[in-house]
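According to our numbering, the sequence shown is numbered sequentially starting from 14.
Idealized CB from N, CA, C, for every residue including glycine.
Only a predicted model underlies this, so the values are computations on that prediction, with no experimental measurement involved.
Some notes on the structure that comes next.
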Amino acid sequence: MAALSAAKRLVVKIGSALLVDRATGRLRQDWLEALAADVARIRARGTQVILVSSGSIALGRGVLGLPKGELALEQSQAAASVGQIRLARAYEEVLAPHGIVTGQVLVTLEDSTDRRRYLNSRATMETLLGLGVTPIVNENDTVATDEIRYGDNDRLAAQVAVTTGADQLILLSDVDGFYSGNPNLDPAAKRFDLIEKITPEIEAMAGDGVSGLSKGGMITKLMAAKVATDAGCAMAITLGSPLHPLKALEEGAPATWFTAHGDPHAARKRWIAAMKPRGEVQVDDGAGEALKAGKSLLPAGVRAISGSFGRGDPVAIVSAAGARLGIGLTRYTATEARQIMGRRSADIEALLGYKGRAALIHRDDMVI
14 MAALSAAKRL
24 VVKIGSALLV
34 DRATGRLRQD
44 WLEALAADVA
54 RIRARGTQVI
64 LVSSGSIALG
74 RGVLGLPKGE
84 LALEQSQAAA
94 SVGQIRLARA
104 YEEVLAPHGI
114 VTGQVLVTLE
124 DSTDRRRYLN
134 SRATMETLLG
144 LGVTPIVNEN
154 DTVATDEIRY
164 GDNDRLAAQV
174 AVTTGADQLI
184 LLSDVDGFYS
194 GNPNLDPAAK
204 RFDLIEKITP
214 EIEAMAGDGV
224 SGLSKGGMIT
234 KLMAAKVATD
244 AGCAMAITLG
254 SPLHPLKALE
264 EGAPATWFTA
274 HGDPHAARKR
284 WIAAMKPRGE
294 VQVDDGAGEA
304 LKAGKSLLPA
314 GVRAISGSFG
324 RGDPVAIVSA
334 AGARLGIGLT
344 RYTATEARQI
354 MGRRSADIEA
364 LLGYKGRAAL
374 IHRDDMVI
């Protein structure tokens, strides 16, 4: 079973019901301050933390005086616009006393399905984490329509975990784990401490959702667990409503852990290796040796480009003799790659008219 203390990069999902009091529509300030203390303690031991937080619509609708119940799309987007400002400020205010800088990241489903956007999101998150920032991620409800929505933050959190290569994901929920049935209706329902594989039998137990409080119930949590564990990220479901929920989890609070299959780095490499190349990049002998040593591919080491591809597309990497060396996701289009091949990274801005990334293919986006 995974232990929270072992996490190197941790994603924590926070539902709106934990953040916002349903009766008043106001922020649960004491709960948020306790969570901030948990985050500060976890970061102090070297763990990077990403928070995936709902709450913008719930906060915004209270400010705007919108009625309870289902809102029209335009009303939800207006509420999100007002609420996002308050949500970001709330996290900033509770984390700043601990010396933690926060950054807001708003995404939609398209940002993970489109490879170009995916790579941009990944690069931004990596830079934020490298600078010591704690990203606060939410779905961009001000622009997202049904066809480009995640629809629930369980799956969004899982995708964030995959994108950033996190090794643990915690879903702070309104139940303390995954049960064999609805514990509110079935006294014999038991909680699983550990699920090593999500079988059809496990899926059947989710039914229409163990909890009537969560929008997605247990089905979306199982979907999140599949995405996360297949990418090498362990996941836990635990009760989020008490103060200091992460501390409670560390100290043995009830939870269900889902076992990761491999590690995030290996899972990402498998994903890239399975792609069909849309072009080819030929490198010189020096670049080939550098790639085998774990380096990124710089434009200076490229001899020729073939095929038509866009940013984020997979391309084959071949040696000067034509031997296949590997595959990677390119950060430039085929046209741009031809313009900068053989040149120094410092020349990219002059050649393309904008300050691009130093590597044509970053080592994290490559399988050799």
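Only buried fits V240, as 16 or more other CB atoms lie within 10 angstroms of its CB. For A50, the enclosing alpha helix (DSSP H) has its first and last residue at Q42 to A57. DSSP, read as helix, strand or coil, puts V146 in coil. Assignment of beta-bridge partners to T269 by DSSP yields I250. Remark: C-beta atoms of V25 and V76 do not approach each other more closely than 8 Å. The alpha-carbon of G339 is positioned some 54 Å away from that of L198. For A238, no beta strand (DSSP E) encloses it; the enclosing alpha helix (DSSP H) starts and ends at G230 to D243. Taking the Cβ atoms as the reference, N166 lies roughly 11 Å from V120, outside the contact range of under 8 Å. Counting only runs of at least 4 residues, the segment 251–334 fully encloses the following alpha helix (DSSP H) elements, listed from N- to C-terminal order: 258–263, 277–286 and 298–305. Between S67 and the set P110, D127, L185 and L79, the nearest pair of CA atoms involves L185.
Between L365 and Q352, the gap from beta carbon to beta carbon is short of 8 Å. In this structure R281 is buried. Its beta-carbon is surrounded by 16 or more other beta-carbon atoms within 10 angstroms. In the DSSP assignment, the residues bridged to I63 are V24.
Secondary structure note for L182: its beta strand (DSSP E) is the uninterrupted segment Q181 to S186.
Beta-bridge annotation (DSSP): G339 is paired with I330. When rounded, the separation of the alpha-carbon atoms in T272 and T251 is 15 Å. Distance from P290 to A350 at the Cβ level is roughly 14 Å; contact not present, criterion being Cβ atoms closer than 8 Å. Excluding five sequence positions before and after T147, the CB atoms of its chain that fall closer than 6 Å to its own CB belong to V62, I113 and T115, given in chain order. For G116, the enclosing beta strand (DSSP E) has its first and last residue at T115 to V120. Secondary structure of E209 (DSSP, three-state): coil.
Contact between G292 and G314 does not hold, since the beta-carbon distance rounds to 16 Å and is not under 8 Å.
DSSP places G96 in the uninterrupted alpha helix (DSSP H) bounded by L86 to L108. Under the three-pair Cβ rule at 8 Å, the segment 19–39 counts as touching the segment 170–188.
Taking each of V296, D187 and G265 in turn and checking the Cα distance to A30, the smallest one comes out for D187. Taking 8 Å as the cut-off, the Cβ atoms of V107 and A49 count as close. Counting C-beta pairs closer than 8 Å gives three or more between the segment 74–92 and the segment 29–48, which meets the contact rule.
M379 is bridged by DSSP to G341.
The C-beta of G307 has fewer than 16 other C-beta atoms within 10 Å across all chains shown, which makes the residue exposed. Non-local beta-carbon contacts of R130 in its own chain, meaning distances under 6 Å to residues more than five positions away in sequence, involve D124 in chain order.
With contact defined as three or more Cβ pairs closer than 8 Å, the segment 255–266 and the segment 191–208 are not in contact. Secondary structure at E83: coil, using DSSP grouped into helix, strand and coil.
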